[in-house]
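Asks:
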Amino acid sequence: MKNYIKVIGILLAGLLVANCSSTTYNMKSEKGKVLNKVPAWYMNDFKVKKACGTTKFGKNKNKECIFGVGTAVSPDLQLAIEKGMMIAKADLADIVKGEMNKQSKQYITEIGKTNSLSVVSDVEVTLINIISKTQVRGYETWQKDVTITKNGYYRVWIGLRLPMGEYNRMYNYTIEQALDSFKLKEKSDIAYKQLLENTGNTNENNNLQ
13 MKNYIKVIGI LLAGLLVANC SSTTYNMKSE KGKVLNKVPA WYMNDFKVKK ACGTTKFGKN
73 KNKECIFGVG TAVSPDLQLA IEKGMMIAKA DLADIVKGEM NKQSKQYITE IGKTNSLSVV
133 SDVEVTLINI ISKTQVRGYE TWQKDVTITK NGYYRVWIGL RLPMGEYNRM YNYTIEQALD
193 SFKLKEKSDI AYKQLLENTG NTNENNNLQ
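In my numbering, the protein residues as written are 13 to 221.
1. Hey, Gly150 and Leu172 are a contact pair by Cβ (cut 8 angstroms); roughly how many whole angstroms apart?
2. Taking 8 angstroms as the cut-off, does the segment 99-118 touch the segment 79-89 (at least 3 CB pairs, one atom from each stretch)?
3. Short of 7 angstroms in beta carbon distance, which residues of its chain neighbour Lys95, apart from the five on each side in sequence? Order them along the chain.
4. Compare the C-alpha of Asn180 against each of Val132, Lys75, Asp157 and Lys145 and name the closest.
5. Considering only the alpha carbon of each residue, which of Asp201, Gln155, Met98 and Thr211 lies closest to Val50?
6. Report all residues from its chain with a CB closer than 8 angstroms to the CB of Asp88; omit the five preceding and five following residues, and keep chain order.
7. Using the Cβ count rule (16 or more neighbours within 10 Å means buried), how would you classify Val19?
8. Looking at Ala100: is its Cβ nearer than 7 angstroms to the Cβ of Ile160?
9. Is it a yes or a no for the segment 54-64 touching the segment 133-144, going by three-plus beta-carbon pairs under 8 angstroms?
10. Consult DSSP for Asn210 and reduce its assignment to one of helix, strand or coil.
11. Whose C-beta lies closer than 6 angstroms to the C-beta of Ser130 among residues of the same chain, with five residues either side of it excluded?
12. Can you name, in chain order, every residue of its own chain whose Cβ lies under 7 angstroms from the Cβ of Thr67, other than the five neighbours on each side?
13. Could you tell me whether any non-hydrogen atom of the ligand SAM is closer than 6 angstroms to the CB of Gln115?
14. Would you call the CB atoms of Thr121 and Val132 closer than 7 angstroms?
15. Return helix, strand or coil for Gln90, following the three-state DSSP convention.
16. Does DSSP classify Met112 as helix, strand or coil?
17. Going by other Cβ atoms of all chains shown within 10 Å of its Cβ, with 16 needed for buried, is Ala92 buried or exposed?
18. Is the beta carbon of Met39 closer than 7 angstroms to that of Val148?
19. Return the chain-ordered list of same chain residues with a C-beta closer than 6 angstroms to the C-beta of Ser193, the five sequence neighbours on each side being excluded.
20. Could you check the C-alpha separation between Ile143 and Met176 for me, to the nearest Å?
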């Protein structure tokens, strides 16, 4: 009986150790000068519907998401995470409201003598990707991986997803946007000032009942 109790005690201790070990994250070390392994999801190797949490049936069957990814390196883990988050959010913003502009410049001239002229041209094309002020509220951290570089730095891989429409957790918290769009505070200040001018009283301590 005592041996039986001891066996149970050992098994329970083993389970506790296993549970404690599962709370830690084991970081992989990169080897060599070339990074030849990246998380599969970072290369868009995933099923969009499944990654978005879309189900075949039920309330989430129409759920749609857009995805953004980013990676960054830093000797400080938290800084690497923040840099990766910023890049991933910029990726989301580019999908939501990115604009691509093209600027071109061309110069053509002739050189040489009259009977042996040559045409020389110089063409320069510049592509500019513009991301204006874009809200990516309600995004969710979908994936996160950390590896150690050969130099001992932290390389963080961040995957974000932005649920669309009513599936966005911030969908019902846009009252601030409505207030800003109508500039209610500005209009209220103007109306109050006009009221004071009409009554001929500019006393700041005046209370309106």
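Where is the CB? At the ideal position from N, CA and C, for every residue including glycine.
Replies: Judging by the given coordinates:
1. Their Cβ separation, rounded to whole angstroms, is 11 angstroms, which puts Gly150 and Leu172 out of contact at 8 angstroms.
2. yes
3. Ala84 and Ser86
4. Lys75
5. Gln155
6. Tyr166
7. Reliability fails at Val19, whose pLDDT of 45 lies under 50, so the model's placement of it is uncertain and no value is given.
8. no
9. no
10. helix
11. Ile123 and Gly124
12. Lys73
13. This structure lacks the ligand SAM; in fact it carries no ligand of any kind.
14. yes
15. helix
16. strand
17. buried
18. no
19. Confidence in Ser193 is poor, its pLDDT being 49 and thus under 50, which makes the residue's placement unreliable; the coordinate value appears in the next sentence. Taken in chain order, the list of residues that qualify is empty.
20. 19 angstroms
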